[in-house]
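Read through the structure below, which is laid out as structure tokens, and then see the notes.
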């Protein structure tokens, strides 16, 4: 099944080599470069030639340069692997989006757009920063520590107020407008998840599923990601896509072990009769 494949996309373990992570390789490269600079400094010192010492030093230089070449090749290999994972994940998410669109009579597949690399447009450059990302908790946190555009927090709060007041149609529209008005905002995943909740409250299950999918694909390790994955699986079950729902829900404990979302996903799998 297309969606069964989707939820295998880019699990955290695939972003690491069994022997060395990309960060380890880069750290070792830095150390070797420093060592190489020291050795080259020795070669440039003044004094009487010493054939034995010189030969030993040159051997060290050759060994270090060989190690640098090996590590550089390893780095390029890992970068290629990570970029391939991101692209493949985006393709599978796009396939799931297409399948959800097929469930709606008024959905225009031409307006679905092209899936970005998993994690956003920065995914292709992830290997250059390699800052470890830890999945966040299930609950939404305050955004005071996040750099926001002028009016961004106010617009988000307005959408939240509409949702809390029971104006689910208005809230869904406002959350989508928020995402459109602030492209690249760190609150994209959260806004799309809440849009899904607003749509779900109106029994617009297929639309809600697409919003949950968009939320997860926008920020697969963000604070809304665990709940988005659970709600996506639940919605797929309600739409009769049982196999896809089971695969989606089964991915939650793999990605977010020990979380409340993992427990909810397991309960939903039991209710659906997943194997």
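In this note's numbering, the protein residues as written are 378 to 652. Glycine residues also receive a C-beta, built at the ideal position from the N, C-alpha and C atoms. Keep in mind it's a predicted model, so treat the numbers as computed, not measured.
In the DSSP assignment, residue 619 falls within the unbroken alpha helix (DSSP H) covering 619 to 632. Going by C-alpha positions, residue 443 is about 45 Å away from residue 624. Per DSSP, the unbroken alpha helix (DSSP H) holding residue 582 starts and ends at 582 to 595.
Contact annotation: the segment 574 to 588 touches the segment 544 to 563, with at least three C-beta pairs closer than 8 Å. Annotation: residue 542 is outside any alpha helix (DSSP H) and is labelled neither H nor E by DSSP.
DSSP places residue 566 inside the alpha helix (DSSP H), whose first and last residues are 565 to 578. Per the coordinates, the alpha-carbon of residue 600 lies some 38 Å from the alpha-carbon of residue 447. Under the three-state reduction of DSSP, residue 636 is assigned to coil, being neither helix nor strand.
When DSSP states are grouped into helix, strand and coil, residue 549 belongs to the helix group. Separation of residue 533 and residue 638 (C-alpha to C-alpha, rounded to the nearest whole angstrom) is 24 Å. Look at residue 560 here: in three-state DSSP terms it is coil, with no helix or strand label.
Contact between residue 635 and residue 622 is absent: CB atoms are separated by about 22 Å, not below the 8 Å threshold. Collapsing the DSSP output to three states places residue 526 in coil.
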